[in-house]
Amino acid sequence: MPTITRFEEIEAWQTARELTKLIYSLTEQGVFARDFGLKDQIRRASISVMSNIAEGFE
Numbered sequence: 305m306p307t308i309t310r311f312e313e314i315e316a317w318q319t320a321r322e323l324t325k326l327i328y329s330l331t332e333q334g335v336f337a338r339d340f341g342l343k344d345q346i347r348r349a350s351i352s353v354m355s356n357i358a359e360g361f362e
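Heads up, the sequence shown is in the numbering used here, so the first residue is 305 and it goes up one at a time.
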């Protein structure tokens with residue numbers, strides 16, 4: 305089993321990054337484009353997932 309040396313190698317972090325990219329794309333459209341508060345909250349939540357995984361790695 306290979307050793308993980310960087311948090312970017314963790315599959316869960318990689319999946320969270322893909323989800324964050326998707327969320328950023330989706331929140332540029334429709335109701336999210338008009339509701340800055342909701343858009344910002346959803347984006348920050350998705351980034352928080354990535355940050356928590358990285359923090360847990362350290």
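Even for Gly, the Cβ is constructed at its ideal location relative to N, Cα and C.
For Ala-320, count neighbouring C-beta atoms within 10 Å of its own C-beta (all shown protein chains included) and say buried if the count is 16 or more, exposed if not. buried
Count the other C-beta atoms from every protein chain shown that fall within 10 angstroms of the C-beta of Thr-309, then say buried if there are 16 or more, exposed otherwise. exposed
With three or more beta-carbon pairs closer than 8 Å as the criterion, would you say the stretch 312-319 touches the stretch 338-346? no
Within the same chain, show all residues whose beta-carbon is closer than 6 Å to that of Phe-311, passing over the 5 residues directly before and after it, in chain order. Trp-317, Ala-358, Phe-361
Give me the Cα-Cα distance between Leu-330 and Pro-306, rounded to the nearest whole angstrom. 35 Å
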